[in-house]
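Heads up, the thing below is written out as C-alpha cells.
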Ligand SMILES: Cc1cc2nc3c(=O)[nH]c(=O)nc-3n(C[C@H](O)[C@H](O)[C@H](O)COP(=O)(O)O)c2cc1C
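Numbering (this note's numbering), first residue to last: 17 to 180.
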C-alpha cells in the first residue's frame with residue numbers, strides 16, 4: 017500500500033486545518049514545516065507579517081527550516097501553504113531547494129483570500145520536474161477556518177476525484 021505524507025506550512029492555522037483534514041481522510045502522517053524564526057500568528061499584527069513576507073519575497077530569501085523532514089518512505093506527498101503575495105511563502109522555495117521530490121507524487125493544496133493557487137502548482141512542476149504533480153486544491157481562507165465545513169467537503173470531493 018502506498019504511504020501518504022502531508023507537509024504543511026501555516027501561520028494563521030487554516031492551511032493546518034486542511035492538512036489535518038487530509039491526514040484524517042487518507043490516513044497520512046502530518047508534518048509541519050517549521051521555520052527557524054517563527055512568524056507572528058497574531059492576526060491583529062497582519063501588517064507587520066505582510067511587510068516581512070514582502071521583504072522575503074523581494075529579496076528572494078530562503079527562510080531556514082528548523083525540522084528535518086523524512087520523505088524517503090513516502091510515495092504520495094501532499095504539500096500545503098497559504099498564498100502570500102501572489103505566490104507561496106519563500107520557505108516553500110527552501111523546501112524545494114533542500115529536498116528532492118524526484119519519483120514522488122506531489123499533491124499541492126493552499127489557502128488564500130482570492131488569488132486561488134496563484135500559479136504555484138505550475139511552479140512546483142517547474143521546480144520538481146521529476147515528480148508527478150497531481151491537480152491541487154485551493155481553498156478560501158473562510159472555508160478552512162476551524163469549524164467550517166466547506167473546506168472539509170471540498171477536500172473529500174477532491175480526494176475522491178484523485179482516486180484516494
Ligand atoms: C503576508 C501575507 C500575504 C498574503 N498574500 C495573499 C495573496 O497574495 N493572495 C491571497 O489570495 N491571499 C493572500 N493572503 C491571505 C492568506 O493566503 C490567507 O490568510 C491564508 O489562508 C492564511 O493561511 P494560514 O492560516 O495557513 O496561515 C496573504 C496573507 C498574508 C499573511
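Every residue, glycine too, gets a C-beta built ideally from N, C-alpha and C.
Nearer than 6 Å: is that true of the beta carbon of residue 171 relative to any heavy atom of ligand 1? For this step, residue 171 is matched to residue 155 along the chain shown. Incorrect: residue 171 has no Cβ contact closer than 6 Å to ligand 1.
Where the alpha helix (DSSP H) through residue 142 begins and ends: Counted from its first residue, the chain shown places residue 142 at position 126. 136 to 143 is the extent of the alpha helix (DSSP H) around residue 142.
Evaluate residue 96 with the Cβ neighbour count: other Cβ atoms within 10 Å of its Cβ, from every protein chain shown; 16 or more gives buried, anything less gives exposed. Position 80 of the chain shown, counted from the first residue, corresponds to residue 96. Classification of residue 96: buried, given that the 10 Å Cβ count is 16 or more.
Near residue 80, which residues of its chain fall below 6 Å by C-beta distance, leaving aside the five closest residues on each side in sequence? Taking the chain shown and counting its residues from 1, one reaches residue 80 at position 64. Answer for residue 80: 52, listed in chain order.
How about residue 98 and residue 31: are their beta carbons less than 7 Å apart? In the chain shown, residue 98 corresponds to position 82, counting from 1. In the chain shown, residue 31 corresponds to position 15, counting from 1. Yes. Within cutoff.
Rounding to the nearest angstrom, what Cα-Cα distance links residue 124 and residue 72 in this structure? Translated into the one-based positions of the chain shown, residue 124 becomes position 108. Translated into the one-based positions of the chain shown, residue 72 becomes position 56. Looking at the two C-alpha atoms, the distance is approximately 22 Å.
Nearer than 6 Å: is that true of the beta carbon of residue 115 relative to any heavy atom of ligand 1? Here residue 115 is taken as the residue at index 99 of the chain shown, counted from 1. No, ligand 1 has no heavy atom inside 6 Å of this Cβ.
So what does DSSP say about residue 94, is it helix, strand or coil? The residue labelled residue 94 in the question sits at position 78 within the chain shown. Strand, per DSSP.
Any idea which residues DSSP pairs residue 73 with across the strands? Counted from its first residue, the chain shown places residue 73 at position 57. None, per the DSSP bridge assignment.
Cutoff 8 Å; reference residue 133; Cβ partners in own chain excluding five residues on either side: Here residue 133 corresponds to residue number 117 of the chain shown, with the count starting at 1. For residue 133, where only same-chain residues beyond five positions count, the Cβ hits under 8 Å are 99, 124, 126, 152 and 154.
With DSSP as the reference, label residue 49 as helix, strand or coil. Working through the chain shown from its first residue, we reach residue 49 at position 33. In the structure shown, residue 49 sits in coil (DSSP, three-state: anything other than H, G, I, E or B).
Own chain residues within Cβ distance below 6 Å of residue 120, not counting five before or after: Translated into positions along the chain shown, residue 120 becomes position 104. The answer, listed in chain order, is 93 and 147.
By the three-class DSSP mapping on this structure, what secondary structure does residue 28 have? Here residue 28 is taken as the residue at index 12 of the chain shown, counted from 1. Reduced to three states, the DSSP call for residue 28 is coil.
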